[in-house]
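If you read the sequences in order, they're chains A and B. Per our numbering: the first sequence = residues 135 to 388. Per our numbering: the second sequence = residues 27 to 490. Ideal Cβ positions, reconstructed from N, Cα and C, are used throughout, including at glycine. What follows is a single structure, written as structure tokens, with notes after it.
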Amino acid sequence: MYKSNLITLLSFFLIAVLVLCSLPFEQPSGKDDVIDIGTPLTQTVTRLSESSRRSPHTADVSFAHTLFIGDSRTVGLMEYAGLEEADFFCTVGMSLFSVEEVSVEVGGVGAVTLETLLAGRAYDRIYIMLGINDLGYDEQSIIDQYRHLVQTIRRQAPDAQLYLQANLHVTRERSQQDATFNNAAIDRLNASLEEMANTQNLIYLDANVLFDDGGGNLSEEKSADQTHLYAKYYAQWGTWIMEQTALRNGEESA
Amino acid sequence: MVFSSLPFIFVFMPIFFGCYYLVPDRFKNAVLLIGSLSFYLVGTLDHPEYLTLFLLSILVDFMMGIWMEDYPRYRRVFLVFGIVVHLTSLVIFKYLGFILSEFEKVIPGYHFNEEIVLPIGISFYSFQGISYLVDVYTQKIRPAKSLLCYAVYLSMFAQLIAGPIVTYHEVQNELTARKMRWSTVRQGLATFILGLGLKVLLANPVGKLWTQIGTIGFESVSTPLAWMGILAYTFQIYFDFWGYSLMAVGLGKMLGFHLPKNFDHPYLSVTMTEFWRRWHITLGAWFREYVYIPLGGNRHGKRQTIRNLGIVWLLTGIWHGAGYHFMLWGLVLWVILVLERFWIGSFFTKHRLAGHLYMMLIIPLTWAIFAIDDISQLGVFFTRLFPFFNGGMWSSFRYDYVKYFSLYYPFLLAGLLFSTRLPVRLMNKLRRKRIFWIGLLVIFGASVYCLQQGLNDPFLYFQF
Numbered sequence: 135m136y137k138s139n140l141i142t143l144l145s146f147f148l149i150a151v152l153v154l155c156s157l158p159f160e161q162p163s164g165k166d167d168v169i170d171i172g173t174p175l176t177q178t179v180t181r182l183s184e185s186s187r188r189s190p191h192t193a194d195v196s197f198a199h200t201l202f203i204g205d206s207r208t209v210g211l212m213e214y215a216g217l218e219e220a221d222f223f224c225t226v227g228m229s230l231f232s233v234e235e236v237s238v239e240v241g242g243v244g245a246v247t248l249e250t251l252l253a254g255r256a257y258d259r260i261y262i263m264l265g266i267n268d269l270g271y272d273e274q275s276i277i278d279q280y281r282h283l284v285q286t287i288r289r290q291a292p293d294a295q296l297y298l299q300a301n302l303h304v305t306r307e308r309s310q311q312d313a314t315f316n317n318a319a320i321d322r323l324n325a326s327l328e329e330m331a332n333t334q335n336l337i338y339l340d341a342n343v344l345f346d347d348g349g350g351n352l353s354e355e356k357s358a359d360q361t362h363l364y365a366k367y368y369a370q371w372g373t374w375i376m377e378q379t380a381l382r383n384g385e386e387s388a
Numbered sequence: 027m028v029f030s031s032l033p034f035i036f037v038f039m040p041i042f043f044g045c046y047y048l049v050p051d052r053f054k055n056a057v058l059l060i061g062s063l064s065f066y067l068v069g070t071l072d073h074p075e076y077l078t079l080f081l082l083s084i085l086v087d088f089m090m091g092i093w094m095e096d097y098p099r100y101r102r103v104f105l106v107f108g109i110v111v112h113l114t115s116l117v118i119f120k121y122l123g124f125i126l127s128e129f130e131k132v133i134p135g136y137h138f139n140e141e142i143v144l145p146i147g148i149s150f151y152s153f154q155g156i157s158y159l160v161d162v163y164t165q166k167i168r169p170a171k172s173l174l175c176y177a178v179y180l181s182m183f184a185q186l187i188a189g190p191i192v193t194y195h196e197v198q199n200e201l202t203a204r205k206m207r208w209s210t211v212r213q214g215l216a217t218f219i220l221g222l223g224l225k226v227l228l229a230n231p232v233g234k235l236w237t238q239i240g241t242i243g244f245e246s247v248s249t250p251l252a253w254m255g256i257l258a259y260t261f262q263i264y265f266d267f268w269g270y271s272l273m274a275v276g277l278g279k280m281l282g283f284h285l286p287k288n289f290d291h292p293y294l295s296v297t298m299t300e301f302w303r304r305w306h307i308t309l310g311a312w313f314r315e316y317v318y319i320p321l322g323g324n325r326h327g328k329r330q331t332i333r334n335l336g337i338v339w340l341l342t343g344i345w346h347g348a349g350y351h352f353m354l355w356g357l358v359l360w361v362i363l364v365l366e367r368f369w370i371g372s373f374f375t376k377h378r379l380a381g382h383l384y385m386m387l388i389i390p391l392t393w394a395i396f397a398i399d400d401i402s403q404l405g406v407f408f409t410r411l412f413p414f415f416n417g418g419m420w421s422s423f424r425y426d427y428v429k430y431f432s433l434y435y436p437f438l439l440a441g442l443l444f445s446t447r448l449p450v451r452l453m454n455k456l457r458r459k460r461i462f463w464i465g466l467l468v469i470f471g472a473s474v475y476c477l478q479q480g481l482n483d484p485f486l487y488f489q490f
């Protein structure tokens with residue numbers, strides 16, 4: 135018994151020494167450098183904050199012939215923004231690479247593909263918000279796929295005004311920990327979308343101005359899971375979309 | 027490493043049990059200790075010094091036990107020293123961070139930025155260590171003479187991380203001599219698979235509804251959805267913990283130990299008093315044996331009984347975590363238990379239907395206090411559960427409860443079913459038949475598939 139205790143004690147001592155020796159002398163900082171968010175977003179923020187000072191004529195905007203295409207954030211708009219008249223073609227996890235193939239349940243229509251929906255209904259405005267679920271793929275292929283989608287929609291709804299919505303940021307905490315879904319990648323994607331919008335007569339809307347923390351990240355207190363907004367903010371977003379749409383209508387008719 | 031993970035099932039278990047079953051009996055404790063310490067090390071890779079703390083705890087308990095017997099004059103000193111070591115490390119690692127950040131709010135100029143990470147299992151092994159010291163002091167047991175045996179007792183991976191809280195008395199015979207029977211090993215494996223299924227196929231999916239409601243934000247959910255959500259949490263926490271305890275018991279059997287049962291269909295209780303004899307049984311037993319009874323229990327009149335219950339339930343609350351909502355939870359339970367003891371308990375025990383209805387209301391409501399760590403958010407959630415105070419029943423998403431019911435109804439119904447005795451009765455009838463093992467294979471396969479799909483969530487009780 136005494137010998138066994140000695141052996142056990144010596145083993146403990148050895149394990150403790152090995153374990154303590156494995157501790158590094160310098161603790162790594164463990165934090166990634168906060169990546170400076172590039173110019174496009176700040177320019178967009180300036181432009182939009184200037185434009186929001188003018189009074190929008192939201193009463194002129196009807197969403198009766200409007201379609202929203204997108205992923206979980208668009209699902210949130212559908213459920214909580216109060217845009218009752220609009221149609222929504224969206225699912226949680228919607229991808230650019232399957233949006234033209236999948237069949238989605240659209241209220242008042244049934245389960246349809248995008249092509250069927252566009253053939254059956256005439257829309258004045260189509261808002262698209264996609265891309266974040268595809269961030270793991272090659273960035274150029276995402277943009278090419280987006281371009282393809284825009285061309286498909288244009289072909290089927292030539293009279294509709296198309297709006298591209300920027301992908302929303304994730305919180306700082308998530309952005310620092312996630313190699314794929316981080317704000318640097320989201321901003322790069324959004325910058326490419328803005329460029330595409332500028333060259334193709336699409337209107338680019340960036341709602342990050344409503345929900346960011348001033349550092350280019352989604353505000354921590356606006357999300358429970360570092361990614362999705364609390365439902366109460368979708369109403370604010372819906373109103374903002376209405377205001378921005380009215381503003382752009384006013385600019386076009388001016 | 028959690029039990030419900032692919033590395034544990036496909037790497038640790040085969041390697042460990044391969045060695046364990048192959049070595050002669052006299053080396054089994056050594057293999058078990060090495061395996062358990064490796065298991066612990068994997069769980070504390072970011073803080074390997076916690077393994078040293080653990081080894082130190084084992085050593086302190088062992089020495090105090092020996093010295094209590096060898097130097098009876100100083101028994102009390104050794105007992106107090108051992109308990110203080112356990113409680114000090116528990117307070118430092120579990121509560122100090124919370125205490126200092128609260129100081130930061132009241133003391134101007136004081137900043138507390140350190141992150142104190144909780145060593146895994148500390149809440150469980152500290153309590154086991156304290157139970158050992160007290161039992162040696164009261165001479166309920168003789169102290170362990172073999173450091174290896176005591177180390178195996180405290181570190182045994184089956185119950186190290188999340189219980190059940192095992193007293194030395196319960197396993198002391200098996201520590202020195204256990205009979206390895208293949209029938210027991212098979213039973214253990216079956217229990218393990220059933221626990222795995224409860225956790226991965228029931229607790230994890232149903233828990234997603236509660237998470238979803240948190241993501242939406244309590245202020246935006248309708249009343250029916252709020253009730254569905256807290257029901258989902260009620261099921262998640264039960265099947266999560268019951269599943270994990272079953273896995274622990276199953277692994278214990280595979281090692282040759284008979285670990286105590288931790289759950290006995292608690293949701294069939296008719297009073298909260300009965301509930302806490304059926305829920306986390308080993309924790310309740312620990313508080314009864316080592317806090318309530320030494321304080322005098324119910325033997326010194328009504329006032330002292332109420333006081334003793336208050337101490338036990340406040341401690342039970344804070345054992346679960348450092349946070350005001352845990353204290354509130356403990357105090358609410360105390361009030362309910364006192365009311366039952368002196369007033370309403372006998373009514374519900376006699377009128378069982380009323381008792382079940384009473385529990386169907388009280389259980390989810392008390393879990394809501396436990397689940398929501400922000401007191402103001404708790405208030406918001408209660409206004410959704412009881413909309414007459416504010417806000418109205420419906421959300422801006424008018425039929426949110428229809429959407430989520432259609433997504434989660436299989437799991438909610440399964441939760442109701444598995445809260446009853448029916449599945450266990452069915453299983454006992456089929457136990458000796460071939461279909462039982464086919465069923466286990468299906469459960470195992472489905473669980474592994476879900477784990478592989480990344481649907482594994484960390485065990486809820488790990489933060490304790």
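Relative to residue 258/B, the option among 472/B, 406/B, 232/B, 381/B whose CA is nearest is 232/B. From the beta-carbon of residue 95/B, no residue of chain A is found nearer than 8 Å; the closest lies around 14 Å away. Assignment of residue 80/B by DSSP, reduced to helix, strand and coil, places it in the helix class.
Here residue 308/A is buried, its C-beta having at least 16 other C-beta atoms within 10 Å. The stretch 262–273 of chain A makes contact with the stretch 316–329 of chain A: 3 or more CB pairs, one atom from each, lie closer than 8 Å. Secondary-structure assignment with DSSP links residue 237/A through a beta bridge to 247/A. Where residue 204/A is concerned, the enclosing beta strand (DSSP E) starts and stops at 200–204. Here residue 120/B is buried, its C-beta having at least 16 other C-beta atoms within 10 Å.
Per DSSP, residue 212/B lies in no beta strand (DSSP E) segment; the continuous alpha helix (DSSP H) that holds it begins and ends at 208–223. At a cut-off of 8 Å, the C-beta of residue 282/A has no neighbouring C-beta in chain B. Under DSSP, residue 263/A takes part in a beta bridge, and its partners are 204/A.
If the five residues before and after residue 131/B are omitted, its C-beta is found closer than 8 Å to no C-beta atom of its own chain. In terms of Cβ geometry, residue 364/A and residue 353/A do not form a close pair [threshold 8 Å]. Contact between the stretch 272–287 of chain B and the stretch 110–126 of chain B is not established, with fewer than three Cβ pairs separated by less than 8 Å. For residue 74/B, the closest Cβ of chain A is nearer than 8 Å. For the pair residue 272/B and residue 227/B, the CB atoms are not nearer than the 8 Å cut-off.
For the 8 Å CB-CB criterion, residue 152/B and residue 193/B do not form a contact.
With contacts defined as CB atoms closer than 8 Å, residue 46/B and residue 59/B fail to qualify as a contacting pair. Note that the stretch 337–350 of chain A touches the stretch 296–304 of chain A; at least 3 beta-carbon pairs, one per stretch, sit closer than 8 Å. For residue 299/A, the beta-bridge partners assigned by DSSP are 339/A. Secondary structure within the stretch 415–484 of chain B: the alpha helix (DSSP H) runs of 4 or more consecutive residues, fully enclosed, are 426–445, 448–456, 460–478 (chain order). For residue 161/B, the enclosing alpha helix (DSSP H) has its first and last residue at 148–163.
At a C-beta separation below 8 Å, residue 426/B has these neighbours in chain A: 213. At least 8 Å separates the beta-carbon of residue 229/A from that of residue 362/A. A contact between stretches requires three or more CB pairs, one per stretch, nearer than 8 Å, and the stretch 358–365 of chain B meets this requirement with the stretch 329–341 of chain B. Along the stretch 360–381 of chain A, going in chain order, the ones with a CB nearer than 7 Å to a CB of chain B are 362, 364, 365, 366, 369. Exposure of residue 432/B is indicated by the presence of fewer than 16 other C-beta atoms within 10 angstroms of its C-beta. Sequence-distant Cβ neighbours of residue 247/A in its own chain, meaning closer than 6 Å and more than five residues away, are 237.
Checking the DSSP bridge columns, you'll see residue 224/A partnered with 204/A. A Cβ-Cβ contact shorter than 8 Å links residue 202/A with residue 212/A.
Note on geometry: alpha-carbon atoms of residue 269/B and residue 237/B lie some 20 Å from one another.
At least one CB of chain A lies nearer than 8 Å to the CB of residue 245/B. A contact between stretches requires three or more CB pairs, one per stretch, nearer than 8 Å, and the stretch 239–256 of chain B fails this requirement with the stretch 188–208 of chain B. With fewer than 16 other Cβ atoms inside 10 Å of its own Cβ, residue 369/B counts as exposed.
What residue 241/B touches in chain A, judged by beta-carbon distance under 7 Å, is 358, 359, 362, going in chain order.
For the pair of segments examined, the stretch 97–106 of chain B was found not to touch the stretch 172–181 of chain B: the number of CB pairs separated by less than 8 Å stays below three.
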